[in-house]
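K.L.:
Chains as they are written, first to last, in the numbering used here: chain A, 1 to 255; chain B, 1001 to 1095.
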Amino acid sequence: MLLPLLVRPQASVMLTRCVRTLRCDATRTPLHSQAEHFLRRRLPPRPHVHSRGTKSRGRKSKSQEEEWKTRNKTVLTYIAAAGVGMIGLSYAAVPLYRLYCQASGLGGMAVAGHDADQVETMTPVKERVLKISFNADTHASMQWNFRPQQTEIFVVPGETALAFYRAKNPTDQPIIGISTYNVVPFEAGQYFNKIQCFCFEEQRLNPHEEVDMPVFFYIDPEFDEDPRMARVDTIILSYTFFEAKEGQKLPLPGY
Amino acid sequence: MSNAMNFGTKSFKPRAPDKGAFPLDHFGECKAFKERFMKCLKDNSFDNSKCRLQSKDYLECRMDNQLMAKEPLARLGFKDLMDPPPSQADRDTKP
Chain A
1 MLLPLLVRPQ ASVMLTRCVR TLRCDATRTP LHSQAEHFLR RRLPPRPHVH
51 SRGTKSRGRK SKSQEEEWKT RNKTVLTYIA AAGVGMIGLS YAAVPLYRLY
101 CQASGLGGMA VAGHDADQVE TMTPVKERVL KISFNADTHA SMQWNFRPQQ
151 TEIFVVPGET ALAFYRAKNP TDQPIIGIST YNVVPFEAGQ YFNKIQCFCF
201 EEQRLNPHEE VDMPVFFYID PEFDEDPRMA RVDTIILSYT FFEAKEGQKL
251 PLPGY
Chain B
1001 MSNAMNFGTK SFKPRAPDKG AFPLDHFGEC KAFKERFMKC LKDNSFDNSK
1051 CRLQSKDYLE CRMDNQLMAK EPLARLGFKD LMDPPPSQAD RDTKP
């Protein structure tokens, strides 16, 4: 830290000497020649400009500077526009993706969707027998009596099956219920396809009314080929009924 | 519904049924067919493959009573039950 302080007086002496030699232009000290050589090397060699004179050289460099300035400005504008465009795209992506989903019919599920024609063309895999167990639940405040009419059913993949639940409204007021379902094990849920059921739609039961609720479903035949499903023999289908209140908007899948 | 939203775990996403929801059978119009189906299941130790005829009858009843959109039964997976012998004319597919 002390070194530059020591060097500074020496440097100032050398600097004054250097300045004096430049002004007087007396005998060329080695420092002066070095400095001149150093300065000269900075500028690029322009042989033809020297002949024209200093004024034209100044104008050309000025126009070139202006050219550089305008070029820089256009480049900057392009980059700024691209940046703003990217931000706008990221905001626009949400409704655009929603439109795309509506058009393509995926409905937000990016899994390989099964098509409705599969039901027509699929063949049952008769060797693989699966037991489907049924479970019925109600929400704590839901007063329906809801239960399955069969505890289990044996199906094979690729075959459509029918199952029944029963719901009874024991109260004196009509109650509107809405249900959802769950499939255990989790990975089997993607092979469990419901053709028609009673879920996700408001079902109204009048006082003391009892109805049968069918579920029409099938297991995808590809279930048999999935190595993860090799040891799965039981699938549990569980329905839960909630009470639908007035003006309540529920997030229903696919609707 | 799925459990707490743990980050990273896959949660079960219920899918809407292909053909929507069954309207409720408030008047029990197809109850007889349902009883026949349930009896068949009980007799055959709940084997669905043996009771497909009864399930087809139940769905046909539903379609007849405006409780289900009419569809050709082949599209509901009953193609194997729908072989009409050329001599018989009573079993015909719905449009």
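Glycine included, each C-beta is placed from N, C-alpha and C at the ideal position.
Treat the numbers as computed from the prediction; the structure is a model and nothing was measured.
How about residue 1036 of chain B: is its C-beta nearer than 7 Å to some C-beta of chain A?
P.N.:
No, residue 1036 of chain B does not count as interfacial toward chain A.
K.L.:
What residues in the segment 143-174 of chain A have a beta carbon less than 7 Å from any beta carbon of chain B?
P.N.:
Answer in chain order: 149, 150, 152, 153, 154, 155, 156, 159, 160, 161, 162, 164.
K.L.:
List, from N- to C-terminal side, the beta strand (DSSP E) runs of 3 residues or more that fit wholly inside the segment 194-249 of chain A.
P.N.:
Taking only runs of at least 3 residues, the beta strand (DSSP E) segments lying wholly in the segment 194-249 of chain A are 203-205, 210-219, 234-243.
K.L.:
Buried or exposed: which applies to residue 1055 of chain B, given that a residue is buried once 16 or more other Cβ atoms fall within 10 Å of its Cβ?
P.N.:
With 16 or more other Cβ atoms within 10 Å, it is buried.
K.L.:
By DSSP's criteria, residue 168 of chain A is part of a beta bridge. Which residues make up the other side?
P.N.:
DSSP lists A:145, A:210 as partners of residue 168 of chain A.
K.L.:
So, under 8 Å CB-CB, residue 177 of chain A and residue 213 of chain A are touching, yes? Tell me the CB distance rounded to an integer number of Å.
P.N.:
The pair is not a contact, with the Cβ atoms about 10 Å apart (cut-off 8 Å).
K.L.:
Nearest by alpha-carbon distance to residue 1045 of chain B: which of A:236, A:97, A:131, A:188 is it?
P.N.:
Checking every option, the nearest Cα to that of residue 1045 of chain B belongs to A:131.
K.L.:
In terms of residues, what are the limits of the beta strand (DSSP E) holding residue 1074 of chain B?
P.N.:
Note, residue 1074 of chain B: premise wrong, no beta strand (DSSP E); not H, not E.
K.L.:
DSSP beta-bridge partners for residue 161 of chain A?
P.N.:
In DSSP, residue 161 of chain A forms a bridge with A:217.
K.L.:
So, do the segment 166-174 of chain A and the segment 184-193 of chain A have three or more beta carbon pairs nearer to each other than 8 Å?
P.N.:
Result no; under three Cβ-Cβ pairs closer than 8 Å.
K.L.:
Can you find a CB in chain A that lies within less than 7 Å of the CB of residue 1039 of chain B?
P.N.:
So, not an interface residue.
K.L.:
Can you pull the chain A neighbours of residue 1079 of chain B, defined as C-beta to C-beta under 7 Å?
P.N.:
Per Cβ cutoff of 7 Å: 120.
K.L.:
For residue 1064 of chain B and residue 1070 of chain B, what's the separation of their Cα atoms in angstroms?
P.N.:
Whole-angstrom Cα-Cα distance: 8 Å.
K.L.:
If you follow the beta strand (DSSP E) that residue 179 of chain A is in, where does it begin and where does it stop?
P.N.:
Its beta strand (DSSP E) spans residues 175-184.
K.L.:
Are the CB atoms of residue 1030 of chain B and residue 1062 of chain B nearer to each other than 7 Å?
P.N.:
Yes.
K.L.:
Beta carbon of residue 1022 of chain B, beta carbon of residue 196 of chain A: below 7 Å?
P.N.:
Their beta carbons are under 7 Å apart, which means residue 1022 of chain B touches residue 196 of chain A by this criterion.
K.L.:
I need the boundaries of the beta strand (DSSP E) containing residue 130 of chain A, first residue and last residue.
P.N.:
It spans 130-138 - the beta strand (DSSP E) in which residue 130 of chain A sits, taken as one unbroken run.
K.L.:
Does the beta carbon of residue 214 of chain A come closer than 7 Å to any beta carbon on chain B?
P.N.:
Output row for residue 214 of chain A: interface = yes.
K.L.:
Determine the closest residue to residue 129 of chain A out of B:1049, B:1080, B:1081, B:1082, with distance taken between C-alpha atoms.
P.N.:
Ranking B:1049, B:1080, B:1081, B:1082 by Cα distance to residue 129 of chain A puts B:1049 first.
K.L.:
Could you list which residues in chain B have their beta carbon closer than 8 Å to that of residue 197 of chain A, in chain order?
P.N.:
By Cβ distance, chain B contributes 1017, 1021, 1022.
K.L.:
Could you tell me the distance, in whole angstroms, from the CA atom of residue 110 of chain A to the CA atom of residue 101 of chain A?
P.N.:
Here residue 110 of chain A scores only 49 on pLDDT, less than 50, and its place in the model should not be relied on; the value that follows carries that caveat. The straight-line gap from Cα to Cα measures roughly 9 Å.
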